[in-house]
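Notes follow the structure.
Protein chains: 2
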Amino acid sequence: MKQVSFKEAMQYWSKPERIVLVTSCDEEGNPFVMTAGWKMRASFKPPMLAIAVGKNRTTHQNISATGEFVVAVPGADLAKEALDCGMPSSNDQDRFELCGFSKKPGSFVKAPLIEKCIASFECKLYGQVDSGDHTVFVGEVKAAWLNEHPKKPLLIVGEEKGYEALAVEGPYRLGIVNT
Amino acid sequence: MKQVSFKEAMQYWSKPERIVLVTSCDEEGNPFVMTAGWKMRASFKPPMLAIAVGKNRTTHQNISATGEFVVAVPGADLAKEALDCGMPSSNDQDRFELCGFSKKPGSFVKAPLIEKCIASFECKLYGQVDSGDHTVFVGEVKAAWLNEHPKKPLLIVGEEKGYEALAVEGPYRLGIVNT
Numbered sequence: 001m002k003q004v005s006f007k008e009a010m011q012y013w014s015k016p017e018r019i020v021l022v023t024s025c026d027e028e029g030n031p032f033v034m035t036a037g038w039k040m041r042a043s044f045k046p047p048m049l050a051i052a053v054g055k056n057r058t059t060h061q062n063i064s065a066t067g068e069f070v071v072a073v074p075g076a077d078l079a080k081e082a083l084d085c086g087m088p089s090s091n092d093q094d095r096f097e098l099c100g101f102s103k104k105p106g107s108f109v110k111a112p113l114i115e116k117c118i119a120s121f122e123c124k125l126y127g128q129v130d131s132g133d134h135t136v137f138v139g140e141v142k143a144a145w146l147n148e149h150p151k152k153p154l155l156i157v158g159e160e161k162g163y164e165a166l167a168v169e170g171p172y173r174l175g176i177v178n179t
Numbered sequence: 180m181k182q183v184s185f186k187e188a189m190q191y192w193s194k195p196e197r198i199v200l201v202t203s204c205d206e207e208g209n210p211f212v213m214t215a216g217w218k219m220r221a222s223f224k225p226p227m228l229a230i231a232v233g234k235n236r237t238t239h240q241n242i243s244a245t246g247e248f249v250v251a252v253p254g255a256d257l258a259k260e261a262l263d264c265g266m267p268s269s270n271d272q273d274r275f276e277l278c279g280f281s282k283k284p285g286s287f288v289k290a291p292l293i294e295k296c297i298a299s300f301e302c303k304l305y306g307q308v309d310s311g312d313h314t315v316f317v318g319e320v321k322a323a324w325l326n327e328h329p330k331k332p333l334l335i336v337g338e339e340k341g342y343e344a345l346a347v348e349g350p351y352r353l354g355i356v357n358t
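If you read the protein sequences in the order shown, they are chains A and B.
The working numbering puts the first residue of the first sequence at 1, with every later residue one more than the last.
The working numbering puts the first residue of the second sequence at 180, with every later residue one more than the last.
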């Protein structure tokens, strides 16, 4: 065992890693969506999810302003869309239009569900904690939604065998497990 | 899209999901290890990791008392060990002995590194937030360690094709991606 840089060790952490889409609204109700890899479950009862969001992100502003967000799980059919929603270059575009996402209203929060995703979780902000250049937002899940047509989950994948890359741009490599 | 229970939607969240081992010490320096699935990155600069730990867990007491923990990434060779360290039934045993884990001291924290793991991250508690029946602990990574012999990462897997199950007990199914 040898001591290495965080970056070097991290390559053994993040592949494979499920990614999600996070939707939110600003105070005027304008919706926004971003791709996020930093998320986890945080409570059984009541059910909660946690996400870490960069402090300079639109999503950070929105959740801070409204206390609401949706976490949606994209499937294999949304590889390109998930890549697009993770690119800072598309930050000022209407990503819902860009990706052909309908904005189905949820039952409890204003942030839209993404109908094309495998599953969506409506979250009300329960607590938050500073984490360096990000903030960890903990959301209590108020409602869960499932697509009637299950798909393979979309993952951040490496170049090893066993995976099929579906959308690649620079260091970002999204794909699925081969069957 | 239909509204479902959290539990039903969650099956599309957690497989595959990387698992980790979390080590900690009590105030007398007695080490403890548990398996955890609820973890994420939380900051680039400085590097941080977040874990969600059940409030009644020994790990929760230890981190609350000492403000330190280690997150270690097990490989395919530690499937049975990871399962054992996740079982409440082994809570009162010396899991390090049970699993043949050496307790290599870290450079910055008293919680031990696990030499057999792929990578280990020494964390100092940076902040925490209540999350229902868990607490989210955010740790700043003070040092990262890598095993010289990389292995395939151990995952919580489903019964779909594409995975090889290596250790199964009740609902817990640990394995790897097939190549």
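Just so you know, even glycine gets a beta-carbon here, dropped at the ideal spot from N, CA and C.
Reduced DSSP secondary structure (H/G/I, E/B, other) of Asp84(A) | Taking the first sequence and counting its residues from 1, the one referred to as residue 84(A) is at position 84. Looking at Asp84(A) - three-state DSSP - the assignment turns out to be helix.
Evaluate the contact criterion for the region 23-35 of chain A versus the region 110-123 of chain A: three or more CB pairs, one atom per stretch, below 8 Å.
-> yes
Three-state secondary structure assigned by DSSP to Met10(A) | Taking the first residue of the first sequence as position 1, residue 10(A) is located at position 10. Helix at Met10(A).
Helix, strand or coil: which one does DSSP assign to His313(B)?
-> In the second sequence, residue 313(B) corresponds to position 134, counting from 1. Three-state DSSP puts His313(B) in a strand.
Going by alpha carbons, who is nearest to Val71(A) out of Thr135(A), Met40(A) and Asn30(A)?
-> Within the first sequence, residue 71(A) is the residue found at index 71, counting from 1. Checking every option, the nearest Cα to that of Val71(A) belongs to Met40(A).
Are the C-beta atoms of Met87(A) and some chain B residue less than 8 Å apart?
-> As a working note, residue 87(A) is residue 87 in the first sequence. Not an interface residue.
In whole angstroms, what separates the C-alpha of Val177(A) from that of Glu164(A)?
-> Counted from its first residue, the first sequence places residue 177(A) at position 177. Counted from its first residue, the first sequence places residue 164(A) at position 164. Going from the Cα of Val177(A) to the Cα of Glu164(A) covers about 6 Å.
Quickly, what does DSSP pair Tyr126(A) with across the bridge? List them, please.
-> Locating residue 126(A) in the first sequence gives position 126, where the first residue counts as 1. Note: Tyr126(A) sits in no beta bridge, so no partner.
In chain A, what lies closer than 7 Å to Arg220(B) by C-beta?
-> Translated into the one-based positions of the second sequence, residue 220(B) becomes position 41. Simply Trp38 and Ala52.
Throw me the rounded Cβ distance for the Ala298(B) and Trp13(A) pair, which I believe falls under 8 Å.
-> One-based indexing of the second sequence puts residue 298(B) at position 119. One-based indexing of the first sequence puts residue 13(A) at position 13. That belief holds up - the Cβ atoms of Ala298(B) and Trp13(A) are roughly 7 Å apart, short of 8 Å.
Pull up the CB-CB distance for Val129(A) and Val317(B), whole angstroms please, since I reckon it's below 8 Å.
-> Your numbering for residue 129(A) matches position 129 in the first sequence. Your numbering for residue 317(B) matches position 138 in the second sequence. Rounded, the Cβ-Cβ distance is 6 Å, consistent with contact.
How many angstroms separate the CA atom of Ala244(B) from the CA atom of Gly279(B)?
-> Sequence index remark: in the second sequence, residue 244(B) carries index 65 (1-based). Sequence index remark: in the second sequence, residue 279(B) carries index 100 (1-based). When rounded, the distance between both Cα atoms is 26 Å.
Specify, as a first and last residue, the run of the alpha helix (DSSP H) that Ala65(A) falls within.
-> Here residue 65(A) corresponds to residue number 65 of the first sequence, with the count starting at 1. Looking at the DSSP string, the run of the alpha helix (DSSP H) that includes Ala65(A) is Thr58 to Thr66.
Sub-8 Å separation of Leu277(B) and Asp263(B) beta-carbons | Numbered from its first residue, the second sequence carries residue 277(B) at position 98. Numbered from its first residue, the second sequence carries residue 263(B) at position 84. Cβ atoms of Leu277(B) and Asp263(B): closer than 8 Å.
When you compare each of Lys142(A), Gly158(A) and Thr59(A) to Gly86(A) by their alpha carbons, which one comes out closest?
-> Position 86 of the first sequence, counting from 1, holds the residue named residue 86(A). Taking only the C-alpha atoms, the option nearest Gly86(A) is Thr59(A).
By DSSP, does Ala255(B) sit in helix, in strand, or in coil?
-> Here residue 255(B) refers to the residue found at position 76 when the second sequence is read from its first residue. If DSSP states are grouped into helix, strand and coil, Ala255(B) belongs with the helices.
Mind checking whether Glu140(A) and Pro46(A) have CB atoms under 8 Å apart?
-> On the first sequence, residue 140(A) is found 140 positions in, with the first residue counted as 1. On the first sequence, residue 46(A) is found 46 positions in, with the first residue counted as 1. Their beta carbons are under 8 Å apart, which means Glu140(A) touches Pro46(A) by this criterion.
Reference Gly106(A); option with closest CA among Val73(A), Phe69(A) and Pro88(A) | The residue you call residue 106(A) lines up with position 106 of the first sequence. It is Phe69(A).
Contact set for Ser131(A): own chain, Cβ-Cβ below 8 Å, skip 5 residues either direction = Residue 131(A) sits at position 131 when you count from the first residue of the first sequence. If we look at Ser131(A) and ignore the five residues flanking it on each side, its Cβ neighbours are Ala52.
Endpoints, alpha helix (DSSP H) assigned at Cys278(B) | Numbered from 1 along the second sequence, position 99 holds the residue referred to as residue 278(B). Counting along the chain, the alpha helix (DSSP H) containing Cys278(B) begins and ends at Arg274 to Cys278.
Can you give me, in chain order, the residues of the region 129-145 of chain A that have a beta carbon less than 8 Å from any beta carbon in chain B?
-> Val129, Asp130, Ser131, Gly132, Asp133, His134, Val136, Val138, Glu140, Val141, Ala143, Ala144 and Trp145
Spell out whether any CB of chain A is found under 8 Å from the CB atom of Ala344(B).
-> Counted from its first residue, the second sequence places residue 344(B) at position 165. So, not an interface residue.
Straight-line gap, Lys181(A) to Asn30(A) (C-alpha atoms, nearest Å) = Residue coverage of chain A in this structure runs from 1 to 179, which leaves residue 181(A) outside it and unanswerable.
Length of the line joining the Cα atoms of Leu333(B) and Ser5(A) = What you label residue 333(B) is simply residue 154 of the second sequence in a count that begins at 1. What you label residue 5(A) is simply residue 5 of the first sequence in a count that begins at 1. Their Cα atoms are separated by approximately 22 Å.
Find out if the Cβ-Cβ distance for the pair Glu196(B), Ile335(B) is shorter than 8 Å.
-> The residue labelled residue 196(B) in the question sits at position 17 within the second sequence. The residue labelled residue 335(B) in the question sits at position 156 within the second sequence. Yes, the pair counts as a contact, with Cβ atoms nearer than the cut-off.
Whole-angstrom Cβ separation of Ala323(B) and Gln3(A), contact assumed at under 8 Å?
-> The residue given as residue 323(B) occupies position 144 in the second sequence. The residue given as residue 3(A) occupies position 3 in the first sequence. Contact flag correct, Cβ pair sits at about 7 Å.
Could you confirm whether any beta carbon from chain C is found closer than 8 Å to the beta carbon of Arg173(A)?
-> Checking the listed chains, one finds no chain C in this structure; the protein chains it contains are A and B.
For Cys117(A), which residues of its own chain have a beta-carbon under 6 Å away from its beta-carbon, when the five flanking residues on both sides are left out?
-> To locate residue 117(A), count along the first sequence from 1; it is residue 117. Excluding positions up to five away in sequence, the list reads Ala72, Val73 and Pro74.
Using a Cβ-Cβ cut-off of 8 Å, state whether Lys110(A) counts as contacting chain B.
-> Reading the first sequence from its first residue, position 110 is the one you call residue 110(A). No, no contact with chain B.
At 9 Å on the CB atoms, spell out the chain B contacts of Val73(A), in chain order.
-> Residue 73(A) sits at position 73 when you count from the first residue of the first sequence. Near Val73(A) (Cβ distances below 9 Å), the residues of chain B are Ala188, Tyr191 and Trp192.
In chain B, which residues lie with their C-beta within 8 Å of the C-beta of Ser5(A)?
-> Position 5 of the first sequence holds residue 5(A). Here the neighbours are Ala323.
Would you please state the rounded distance, in angstroms, between the beta carbons of His313(B) and Lys234(B)? I believe it to be under 8 Å.
-> If you number the second sequence from 1, residue 313(B) lands on position 134. If you number the second sequence from 1, residue 234(B) lands on position 55. With a Cβ gap of about 6 Å, His313(B) and Lys234(B) count as contacting.
Is Ser90(A) helix, strand or coil by DSSP?
-> As a working mapping, residue 90(A) is identified with position 90 in the first sequence. Here Ser90(A) sits in helix by DSSP.
Would the beta-carbon of Phe248(B) be found less than 7 Å away from any heavy atom of the ligand MN?
-> Because no ligand of any kind appears in the structure shown, any question about the ligand MN cannot be addressed here.
The beta strand (DSSP E) enclosing Ser281(B), as first and last residue numbers = As a first step, residue 281(B) is located in the second sequence; it is residue number 102 there, counting from the start. Premise fails: Ser281(B) is in no beta strand (DSSP E) and is neither H nor E.
So what does DSSP say about Glu207(B), is it helix, strand or coil?
-> The residue labelled residue 207(B) in the question sits at position 28 within the second sequence. It is coil, neither helix nor strand.
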